[in-house]
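Asker:
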Amino acid sequence: MNLTEVILEEGKTLHAEQPLGLEVLDFPFGSYPITKKSPLELTVTNEGEKKLLLNGAVHLEAEVPCDRCLDPVTVPLDIRFDLELDMKLSDEERHEALDESDYLHGYNLDVDKLVYGEALLAWPARVLCRDDCAGLCKVCGQNLNRKTCDCDRTDLDPRMAKIRDIFSMYKEV
Ligand SMILES: [Zn+2]
Ligand SMILES: [Zn+2]
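Adding 13 to a residue's 1-based position in the sequence shown gives its number in our numbering.
See the structure below:
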């Protein structure tokens with residue numbers, strides 16, 4: 014999206030519906046396909062002194078494995094943001110100021126990159142298929158939400174094993 018038109022005129026406001034090309038949220042901690050997306054509703058306002066205000070709203074849904082049982086979970090993200098851009102700064106100065114606006118190159122706004130960054134900020138700390146998800150059996154991999162198994166899972170925690178050793182020492186004495 015080109016911002017030149019807004020930058021040239023103080024007080025100007027531009028509404029735009031920007032379709033997203035983004036198909037996958039490729040985060041450092043995992044890669045999640047986007048299953049649903051609205052266009053980005055964007056309002057750009059020229060506040061004077063080469064400052065632009067960006068108001069945006071977008072709805073995304075991504076498919077993410079449950080943290081415990083790995084079943085796919087639909088994660089909805091309702092993203093809203095207000096950003097102020099100082100267009101007096103060069104791309105380089107902006108990066109140095111640690112403003113994460115790698116979505117801006119000159120007067121060109123990369124809406125996919127912008128939404129990617131906002132999705133990362135809005136990302137939930139934990140994704141579970143349900144609050145009481147029982148997870149997978151550490152021995153056989155059975156999804157314990159669906160079926161239980163007969164595995165002895167008590168030996169897997171080394172701390173527990175130590176405690177049991179202490180108990181058996183007492184028994185021997
Ligand atoms: Zn689960
Ligand atoms: Zn098992």
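Even glycine gets a Cβ: it sits at the ideal position worked out from N, Cα and C.
Verify the contact flag: residue 150, CB atom, against every heavy atom of ligand 2, threshold strictly below 6 Å.
Answerer: Yes, since a heavy atom of ligand 2 falls inside the 6 Å radius drawn around the Cβ of residue 150.
Asker: Considering only heavy atoms of ligand 2, does any lie closer than 6 Å to the CB of residue 82?
Answerer: Outside the cutoff, so no.
Asker: What residue range is occupied by the uninterrupted beta strand (DSSP E) comprising residue 10?
Answerer: Nothing in the structure corresponds to residue 10, since the chain is present only between 14 and 186.
Asker: How far does the beta strand (DSSP E) with residue 48 in it reach, from first residue to last?
Answerer: Counting along the chain, the beta strand (DSSP E) containing residue 48 begins and ends at 43–50.
Asker: Taking the C-alpha atoms as reference points, what is the distance between residue 17 and residue 159?
Answerer: Whole-angstrom Cα-Cα distance: 56 Å.
Asker: Please state the DSSP three-state secondary structure of residue 161.
Answerer: DSSP places residue 161 in coil when its eight states are reduced to three.
Asker: Return the CA-CA distance between residue 65 and residue 133, expressed in angstroms with no decimal places.
Answerer: Rounded to the nearest angstrom, the two C-alpha atoms are 23 Å apart.
Asker: Can you list, in chain order, the residues of its chain with a C-beta nearer than 8 Å to that of residue 166? Leave out the 5 residues immediately preceding and following it.
Answerer: Cβ within range, chain order: 150, 151, 152.
Asker: Tell whether a beta-carbon distance below 7 Å holds between residue 142 and residue 77.
Answerer: Not closer than 7 Å, so no.
Asker: For residue 77, which of helix, strand or coil comes out of DSSP?
Answerer: Correct three-state label for residue 77: strand.
Asker: Measuring only from the beta carbon, is residue 164 closer than 6 Å to any heavy atom that is part of ligand 2?
Answerer: Yes, Cβ of residue 164 sits closer than 6 Å to a heavy atom of ligand 2.
Asker: Could you tell me whether the Cβ of residue 44 comes closer than 7 Å to any Cβ of chain D?
Answerer: Absent from the structure is chain D; it holds one protein chain and no more.
Asker: Are there 16 or more other CB atoms within 10 angstroms of the CB of residue 131, so buried, or fewer, so exposed?
Answerer: So residue 131 ends up on the buried side.
Asker: Using the Cα positions of residue 5 and residue 119, report the straight-line distance between them to the nearest angstrom.
Answerer: Nothing about residue 5 can be read from this structure; the chain reaches only from 14 to 186.
Asker: Enumerate, from N- to C-terminal direction, the unbroken alpha helix (DSSP H) stretches of 4 or more residues contained entirely within the region 114–139.
Answerer: Those alpha helix (DSSP H) runs which fall completely within the region 114–139 and span 4+ residues are 124–135.
Asker: Look at the alpha carbon of residue 92 and the alpha carbon of residue 52, and state the distance between them as a whole number of angstroms.
Answerer: Near 12 Å, if we compare the C-alpha coordinates of residue 52 and residue 92.
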